[in-house]
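Numbering (my numbering), first residue to last: 2 to 371.
Glycine residues also receive a C-beta, built at the ideal position from the N, C-alpha and C atoms.
A short write-up of the structure that comes next.
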């Protein structure tokens, strides 16, 4: 047995057991009413997961917003992870990834500011402030709030990755789960995310069986839809490269794949399916690029092999941080692009997911006023 395995078995496993007791008791306190869940007269949709990072919460939050914003006045509420500020902040044109967090900033700009986005450590206070400031909002989507039990959601949506399903994982710190897999029973909708283009019927059947969902839960499978590349600095891109497409690259062109996300493998695999020359550089999730990092990226871009064009392609989440980084090398600005993604439901219930959400909202509203 290796040293790392010994460490995991004799140190991390007992810590995971202790962590499980803590989260289990906390959930019991909410079930017994010792800790209070706050209800609101505005419907709340929670999008979250059991594992730390990497399931695609933000793109799925954007999908939910897109599905619902044509029937409701939707707002988004997030904690604003790794922002430099505190308290409640409503996103504005003056907001930056530093003041509201990279993911809320991405959502705000994804919808061109037409969907209100707010951040607050306390989801209860955040909902209260949104209701006070924007009384016409009649639906709030909460990003990454499944573990925030002080909010009583109208609809809970929980994600689990196709390649790393929650039922095969363990509690922190031995595994990646923030609470027991049994907690998935609180979800109204479960989405298996990041599904491959071709799924074998046997794999689908086995995953569906192992999830062991309850009769009241709806199950869907989703995948990422990769859209046309967009420049991180639109004003700096030449006319020739303004409509850059991966399928237009030739064998002499090279890409530096740049990612500061929890699981960059699908992103890098996607780029490699188009370009024969792809080098990659990965950083931790939500990484704040420093001047020295950008100097390294500059050298890696310059050292790309091949006799063709040399580009940097990054993720949508990284792009919002890089575009606002004062140290980004000006000479690289014409050559850096980001890969926009959206979510598509590829398999699931006969009833479309938006209709399931709307049905649960209508039942909740009817119950509230009866």
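Secondary structure of residue 232 (DSSP, three-state): strand. Using a Cβ distance threshold of 8 Å, residue 340 and residue 230 count as a contacting pair. Selection 82, 157, 129 evaluated against residue 106 yields 82 as nearest (Cα-Cα). When DSSP states are grouped into helix, strand and coil, residue 294 belongs to the helix group. Between the alpha carbons of residue 140 and residue 252 lies a distance of about 49 Å.
Residue pairing by DSSP puts residue 161 in a beta bridge opposite 193. The three-state secondary structure of residue 204, taken from DSSP, is helix. Less than 8 Å divides the Cβ of residue 347 from the Cβ of residue 222. If only uninterrupted alpha helix (DSSP H) runs of at least 4 residues are considered, those enclosed by the region 243-328 are 266-273, 292-303, 317-324.
Between the region 35-45 and the region 195-214 there are fewer than three C-beta pairs closer than 8 Å, too few to call the two in contact.
DSSP links residue 220 through a beta bridge to 191.
In terms of Cβ geometry, residue 119 and residue 157 do not form a close pair [threshold 8 Å]. Contact annotation: residue 14 and residue 160 have beta-carbon atoms that are not nearer than 8 Å. Here residue 39 is not near residue 126, since their CB atoms are 8 Å or more apart.
Exposure of residue 71 is indicated by the presence of fewer than 16 other C-beta atoms within 10 angstroms of its C-beta.
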